[in-house]
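Worksheet: one structure, shown below.
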Amino acid sequence: MTTRIPLFDQLTKLFKDLFPTFLGVFLAFYLNDVWVDRQERQSIEQIKQTLQEELAQNIAQVKPQLEYHRMMQDSADYLAKLFSQNQDESTLPQPSFWTGLGGNHLSDAAYHTAISTQNLAKMDLQVATAIAGAYSAQRNYESILQSARSALLSKDWPNYISWINYMRWSASNLKYAEQTIVKTHERALEALAQ
Numbered sequence: 003m004t005t006r007i008p009l010f011d012q013l014t015k016l017f018k019d020l021f022p023t024f025l026g027v028f029l030a031f032y033l034n035d036v037w038v039d040r041q042e043r044q045s046i047e048q049i050k051q052t053l054q055e056e057l058a059q060n061i062a063q064v065k066p067q068l069e070y071h072r073m074m075q076d077s078a079d080y081l082a083k084l085f086s087q088n089q090d091e092s093t094l095p096q097p098s099f100w101t102g103l104g105g106n107h108l109s110d111a112a113y114h115t116a117i118s119t120q121n122l123a124k125m126d127l128q129v130a131t132a133i134a135g136a137y138s139a140q141r142n143y144e145s146i147l148q149s150a151r152s153a154l155l156s157k158d159w160p161n162y163i164s165w166i167n168y169m170r171w172s173a174s175n176l177k178y179a180e181q182t183i184v185k186t187h188e189r190a191l192e193a194l195a196q
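Per my numbering, the sequence shown runs over residues 3 to 196.
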């Protein structure tokens, strides 16, 4: 004859009574984790979409400036070549192609949002690297643009050929920076689309 231990009976009864509570708490934690994960994925997808829109908008702003800076460099190169042939500034035509330095302020709000919400860190490394590279190229472009503007405003232009050389330098640097923006932004858009 076996005798039951009263403590075992008490523990069994306690377990049977508390099992629904334990199960409810477990399910609550599990469902909360599922909900948090779902919200996180939705947030990342929303940030990705916003980044795609911002990158595409920045490309659209840069492309016309890229064409202008190509034309500006080609025209300034032509004037410099004319000067090297005859060494007489008075025979050079005025730079009718010059309509200002150009350049745009490009948006980076989506990028800063992705960083501040830590969603950039939750993306695949390849995607995060492509995005960081695109916005690094953008900061470089803005630095070059600021430098060209500062040089334009602070210089005392001693002669016309100095002005032409400034245009060549500015156009060349801006053109290269804009080409880099287009390339890195398109790479980031491809990474985001995967």
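All C-beta atoms in this analysis are idealised placements derived from N, C-alpha and C, irrespective of residue type, glycine included. The structure displayed is predicted, hence computed values, not measured ones.
Requested in this report: Measure from the alpha carbon of W165 to the alpha carbon of each residue in T119, L33, K15, D79, then state which is nearest.
Outcome: D79
Query raised in the report: Given that a residue counts as buried once 16 or more other Cβ atoms are within 10 Å of its Cβ, and exposed if not, what is L33?
Result: exposed
Query raised in the report: Straight-line CA distance for I146 to L29?
Result: 56 Å
Query raised in the report: Thinking C-alpha only, which one of S174, Y143, N167 is nearest T186?
Result: Selection S174, Y143, N167 evaluated against T186 yields Y143 as nearest (Cα-Cα).
Query raised in the report: If we call anything under 8 Å between Cβ atoms a contact, is N175 one with A150?
Result: Yes; because the gap between Cβ atoms is below 8 Å, this pair is in contact.
Query raised in the report: Given that a residue counts as buried once 16 or more other Cβ atoms are within 10 Å of its Cβ, and exposed if not, what is K50?
Result: buried
Query raised in the report: In its own chain, which residues sit with a C-beta less than 8 Å from the C-beta of L53, not counting the 5 before and 5 after it?
Result: A112, Y113, A116, I133, A190, L194
Query raised in the report: Going by C-alpha distance, which of L155, V184, P160 is nearest G135?
Result: Closest option to G135, Cα to Cα, is V184.
**Report entry** Proximity to P97 [Cα-Cα], best of Y162, Q148, T131, D19
**Finding:** Selected option, being the one with the closest Cα: Y162.
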